[in-house]
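Protein chains in written order, with this note's numbering: chain U, 6 to 254; chain Y, 16 to 203; chain D, -12 to 348. Here's the structure, in structure tokens; my notes come after.
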Amino acid sequence: MSKVPNMPKSWREETKPHKFCPGCGHGLILKALGEAIDELGIQDRVVFGCDIGCSLLSWDFFNVDAVQTHHGRTTPVMTGIKRARPDRICIAYMGDGGGYAIGSGHLVNAAARNEKLTVILANNCNYGMTGGQMAPTSLPHMKTETTPYGRDPEVTGYPTQGPEMVAAITRESAYVARGTVANVRQLKNYIKKALQNQIDGTGFSFVEALSGCPTNWSTNAKDTWAFIEKGMTEYFKVGEIKDPAKKEA
Amino acid sequence: MAKTVKLALAGEGGQGVQSVAGIIVEAAYNEGMEALYIPNFGVEQRGGVSVAYCQISDEQIGSPKFVYADLVIALSDRAVRRTQQYVNKNTVFIYDSSIEGVEKDLPANAKKVLAIPALDTAKKELHPRVFNVIIMGAAIAVTKIIEVEAAKKALEKKLGYKFEQDPKLRELNFKALERGAELVKDLV
Amino acid sequence: MTEKPIQGEKRVFMTGNEVVAWAALAADVDIMYGYPITPQNEVMHYWTRLSPKYGRGFLQTEDEISAGFTTCGGVLSGKRAFTATAGPGNMLMQESMTMAEMMRIPTVLVVQQRGGPSTATVIYSQQEVTMTCFGGNGEGLRIVYSTSTHQELFDYTIKSFNTAWKYRFPTFVLGDGYQAKMRESLYIYDPAAKGIVMEKTVPYLGQEGTPGVDREPQHLRNTYNTEEELNEQVNNLVAEYEKIAPEVIEYQTFNTDDADIVIIAHGVVTRAAQAAVKELRKQGVKAGHFRPVTLRPIAAKELKAVAGKAKKIIIAESAQGQLEKLVKDAIYGIATPLENYFRPGQGITSEELVDLVKKGM
């Protein structure tokens, strides 16, 4: 029996409390994912892969088989598993650097091939593990370690709109959504629908989760939430972008 | 045949030197010999000189590359220039007599240099399409790697499905093989 | 059950790339992942034509990084999986091969060496020796077979799957463009007909039962937190590698017992060296040839013994001293004079070697 209240059944109690910084969004995303796994009853079939970056700290997070891969390479590792073992539910978990920068080629091509795979990507506008450098998702004028005077879009471009990009290159059978840790219930539903899309063998599924990084943002609790709910949410629109279930209904 | 016979066939893309080389080594293999065939496959194969390197022997063949060939057949001016490097005093060098402007490029150190009217024969007596089969006939006649009958069998194997549709094609190919041998009879 | 791809044994005449595809089929390989690069392409061409008939899989990936990592994924899921590449592609696959080293993932990678550095030629070289043996950030904990004939290409491709799964180190078949593209004869066979038993494969991930309920979950990682933790992990890997090395090492000698001059060569160049020794012996020259079959681990003890007895050593390779580095490392302390015959990116013939030996006499 779980001694910790509200802990998803698929979480591994022995590895809790988890290793993320106080106030980090990863715990909330993984809670939503854990509940989604529980509610779908797929704990025995899930294979979980995590990237390098803070997402790697989830390698022993669940009572599911898991592999921690290389930076950006979680998508191909999980693709390889899914192709060889289509009966498994494969989840690739990564950050914005892993998904939109170093691993963007893999993400784009896995989506284009409509791999029966679920990618969950935490967007916190920076490289957390390496100390807060500019990420593809850093907001315009945002100060990071490599944009100490603020991100100048003229020099470094505008933030990557990941789900919009994935939606643009996938067919109707893909599920694409952007959730936020500010609404965990909604995020869990998106993740559930994404996993269901894989379970049904329909197609690729992708959920970006807006997440907080108070350590590198140097924000207190109030400012962290404000940044997610205002700054990020204004730029990155929360909602479902592609839903095969709706199309068919 | 005691030693390894080394053969370099060179021509322009589309002249069919690679397919002829393929049929020759396949025929030798079918006769129980060891054969090794390596096409040049550099980037230059697109629009460059195409060279086929073949070795046929009674025993296991050494390195896939060779320094000097026993027989070089060059089917274009560029091929003549390109294949000089494979010629030494034991090499028979054959080129098509229709190639112009290569008099100065012909190897001076070859055992024998011979121009044969293969292209002309194909055009006038047979069909331009069997030009490479004439070359094949010449090659096997000079090297004596295989009997004409074995070459015919190999052609049958490769082109049998076409021969079935048009038996005249078989006749044409076999004729080409024999004409090729005749063109080099002075050497044999 | 589908029919076996090869019944018994038969003599065939084909290109090396075709040989690799047939060997993988015969070895019960479940899936190939690949990305186009010359001179390896026909491995994929033949595999994609043959494999569907026997219910095997294929995925063409977006690049070699992905081909390497999807291969790791396939193997982690418990399947016999492989990929093939060359040159710049081999470079991109080094990243995934380090993961395979660290996590003991029994991947198989067939390398058909082409010229380097950079794009260079699509033809031939032996310039991928260092990279295939030691590529990546780490200690080169791999097994590398350097083949020289189509027969070996077939034999060692089958063997590499068993070596990989038995010892759980990434295993490489190091061929080259000549071997890839040339045609020669060989015997292909059903491994069972030769008494070869394929090592059982086991899923690292995705076994039956609910983790945490019926069994412990598999949590695999390649990241370590402290110097001590990593050092211990690498020490363990190295100890395991050194323990199995004597079982894995393969080499051949030709007339080395009384040889004054020993030619050391690997891969396709061994053919020239073998022929050269034969010719030199005919001429009364006491020449011999040592050929490492496994380049990693290398038969250091045996090589040292042969080198120590010789009056002169010649290292012949189609690279600028990549084999030489392995040899020097193996024979350290021996005073026998060493001569090099380096032809980076170029084939080497027996005639050249005969001339070289005689010139030096």
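Built from N, CA and C at the ideal position, the CB exists for glycine as well.
Helix, strand or coil at residue i according to DSSP, with G and I counted as helix
i: H276(D); result: strand
i: V181(U); result: strand
i: A17(Y); result: The pLDDT assigned to A17(Y) is 47, lower than 50, so where the model puts this residue is not dependable; a value taken from the coordinates is nonetheless given after this. Three-state DSSP puts A17(Y) in coil, outside helix and strand.
i: F81(Y); result: coil
i: T150(D); result: helix
i: Q73(U); result: strand
i: W9(D); result: helix
i: N128(U); result: strand
i: F329(D); result: strand
i: P143(Y); result: helix
i: L198(Y); result: helix
i: W64(U); result: coil
i: D244(D); result: coil
i: I(-7)(D); result: coil
i: N209(D); result: coil
i: K177(Y); result: helix
i: Y52(Y); result: strand
i: Q99(Y); result: helix
i: A238(U); result: Correcting the residue identity first, residue 238(U) is Thr in this sequence and not Ala. Of the three classes helix, strand and coil, the one that applies to T238(U) here is helix, per DSSP.
i: S7(U); result: Confidence is the limiting factor: at S7(U) the pLDDT is only 47, short of 50, which leaves the residue's position unreliable and the question unanswerable from this model.
i: A254(U); result: Bear in mind that the predicted position of A254(U) carries a pLDDT of just 47, short of 50, making it unreliable; the figure below should be weighed with that in mind. Here A254(U) sits in coil by DSSP.
i: D177(D); result: coil
i: G136(U); result: coil
i: I129(D); result: Just to set this straight, residue 129(D) is Arg in the shown sequence, not Ile. R129(D): coil per DSSP, three-state reduction.
Range covered by the alpha helix (DSSP H) that runs through residue i
i: Q270(D); result: That residue, Q270(D), is in no alpha helix (DSSP H); it is neither H nor E in DSSP.
i: V82(U); result: T79 to A89
i: K299(D); result: Element bounds for K299(D): not the alpha helix (DSSP H) but the beta strand (DSSP E), K299 to E304.
i: G55(D); result: E51 to L63
i: L37(D); result: N28 to L37
Rounded distance between the beta-carbons of residue j and residue i, thought under 8 angstroms
i: A179(U); j: F209(U); result: 4 angstroms
i: N68(U); j: P190(D); result: Contact doesn't hold; Cβ gap of about 17 angstroms is too wide.
i: V(-1)(D); j: S135(D); result: The pair is not a contact, with the Cβ atoms about 18 angstroms apart (cut-off 8 angstroms).
i: E177(U); j: P249(U); result: 6 angstroms
i: N276(U); j: G137(U); result: In the structure as shown, chain U begins at 6 and stops at 254. Residue 276(U) is therefore absent and cannot be evaluated.
i: G381(D); j: T70(D); result: No statement about residue 381(D) is possible, as the shown extent of chain D runs from -12 to 348 and does not include it.
i: G54(U); j: I94(U); result: Rounded, the Cβ-Cβ distance is 12 angstroms, inconsistent with contact.
i: I175(D); j: K(-3)(D); result: 6 angstroms
i: N221(U); j: G133(U); result: 6 angstroms
Residue range of the unbroken beta strand (DSSP E) whose run includes residue i
i: M151(Y); result: Counting along the chain, M151(Y) falls outside any beta strand (DSSP E), though it belongs to the alpha helix (DSSP H) covering F146 to T158.
i: Q100(D); result: V95 to Q100
i: I39(Y); result: No beta strand (DSSP E) contains I39(Y), which is instead part of the alpha helix (DSSP H) from V32 to N45.
i: S72(Y); result: V64 to S72
i: G273(U); result: Here chain U has residues from 6 to 254 only, and residue 273(U) is not among them.
i: L129(Y); result: K127 to I131
i: I246(U); result: G244 to K247
i: D111(Y); result: V107 to D111
Check: residue i C-beta below 7 angstroms from any heavy atom of the ligand MN
i: K21(U); result: Among the ligands in the structure shown, none appear at all, so the ligand MN cannot be discussed.
Contact list for residue i against chain B, beta-carbon separation under 7 angstroms
i: H75(U); result: No chain B appears in the structure shown, which is made up of the protein chains U, Y and D.
Does the segment 49 to 65 of chain U touch the segment 207 to 215 of chain U, meaning 3 or more C-beta pairs lie closer than 8 angstroms? Contact fails: fewer than three Cβ-Cβ distances are below 8 angstroms.
Are the segment 160 to 171 of chain D and the segment 99 to 111 of chain D in contact at 8 angstroms, needing three or more beta carbon pairs? Here the segment 160 to 171 of chain D makes contact with the segment 99 to 111 of chain D; the two share three or more CB pairs at distances below 8 angstroms.
Indicate whether the contact test is met: 3 or more Cβ pairs, each with one atom in the segment 142 to 150 of chain Y and one in the segment 173 to 193 of chain Y, closer than 8 angstroms. Contact holds: three or more Cβ-Cβ distances are below 8 angstroms.
At least three beta-carbon pairs within less than 8 angstroms, the segment 51 to 64 of chain D to the segment 72 to 80 of chain D: Cβ pair count under 8 angstroms is three or more, so yes.
Under 9 angstroms, CB to CB, which of the residues in the segment 77 to 109 of chain Y have a partner in chain D? If the cut-off is 9 angstroms between Cβ atoms, the segment 77 to 109 of chain Y has G77, S78, P79, K80, F81, V82 and Y83 near chain D.
Which residues, taken in chain order from the segment 31 to 58 of chain Y, show a beta carbon closer than 7 angstroms to some beta carbon of chain D? Within the segment 31 to 58 of chain Y, the residues whose Cβ lies closer than 7 angstroms to some Cβ of chain D are V40, E41, Y44, E49, A50, L51, Y52, I53, P54, F56, G57 and V58, listed in chain order.
Determine, using beta-carbon pairs with one atom in the segment 230 to 248 of chain U and one in the segment 148 to 162 of chain U, whether at least three such pairs fall under 8 angstroms. The segment 230 to 248 of chain U and the segment 148 to 162 of chain U do not touch, with fewer than 3 CB-CB distances between them shorter than 8 angstroms.
Near-chain Y residues of the segment 167 to 178 of chain D - C-beta to any C-beta below 8 angstroms: K168, M169, R170, E171 and S172: these are the residues of the segment 167 to 178 of chain D whose beta carbon lies less than 8 angstroms from some beta carbon of chain Y, given in chain order.
Compile a chain-ordered list of the residues in the segment 109 to 123 of chain U whose CB is closer than 7 angstroms to at least one CB of chain D. So the list reads G110, H111 and N114, given in the order they occur along the chain.
State whether the segment 29 to 37 of chain U contacts the segment 168 to 188 of chain D, with contact taken as three or more CB pairs (one from each stretch) at a distance under 8 angstroms. Touching, no.
Which of the residues in the segment 191 to 211 of chain D, read from start to end, lie with their CB under 7 angstroms from any CB of chain U? Against chain U - using a Cβ distance shorter than 7 angstroms - the residues of the segment 191 to 211 of chain D are L192, G193, G196, T197, P198, G199, P204, Q205, H206, L207, R208, N209 and T210.
Given 8 angstroms as the limit, is there contact between the segment 122 to 132 of chain U and the segment 94 to 106 of chain U, that is, 3 or more CB pairs closer than that? Between the segment 122 to 132 of chain U and the segment 94 to 106 of chain U, the count of C-beta pairs closer than 8 angstroms reaches three or more; the two stretches touch.
Taking Cβ-Cβ distances below 9 angstroms as the criterion, which residues of the segment 57 to 75 of chain D are in contact with chain U? Answer in chain order: T57, T58, C59, G60, G61, V62, L63, S64, G65, K66 and A68.
At a Cβ cut of 7 angstroms, what residues of the segment 132 to 144 of chain D count as close to chain Y, listed as they run along the chain? For the segment 132 to 144 of chain D, the beta-carbon criterion of a distance under 7 angstroms to any beta-carbon of chain Y is satisfied by none of its residues.
Segment contact, 8 angstroms Cβ cut-off, at least three pairs: the segment 78 to 94 of chain U with the segment 60 to 70 of chain D: Under the 8 angstroms Cβ criterion, the segment 78 to 94 of chain U counts as touching the segment 60 to 70 of chain D, having at least three qualifying pairs.
When you check each C-beta in the segment 84 to 95 of chain U against every C-beta of chain D, which residues fall closer than 7 angstroms? The segment 84 to 95 of chain U vs chain D, Cβ under 7 angstroms: T84, G85, I86, R88, A89, R90 and R93.
On the three-pair Cβ rule with 8 angstroms, is the segment 65 to 81 of chain Y touching the segment 33 to 49 of chain Y? They touch, by the three-pair rule.
Contact list for the segment 24 to 53 of chain D against chain U, Cβ threshold 8 angstroms: Listed in sequence order: G44, L46, T48, E49, D50, I52 and S53.
Please name the residues in the segment 91 to 121 of chain D whose beta-carbon is closer than 7 angstroms to at least one beta-carbon of chain Y, in chain order. Taking a C-beta cut-off of 7 angstroms against chain Y, the contacting residues of the segment 91 to 121 of chain D are T108, V109 and I110, listed in chain order.
Residues in the segment 31 to 51 of chain U with C-beta within 7 angstroms of chain D's C-beta atoms, listed in sequence order? Residues of the segment 31 to 51 of chain U with a C-beta atom less than 7 angstroms from some C-beta of chain D are Q48 and D49, listed in chain order.
Determine, using beta-carbon pairs with one atom in the segment 20 to 30 of chain Y and one in the segment 84 to 91 of chain Y, whether at least three such pairs fall under 8 angstroms. Of all C-beta pairs linking the segment 20 to 30 of chain Y to the segment 84 to 91 of chain Y, three or more are shorter than 8 angstroms, placing the two stretches in contact.
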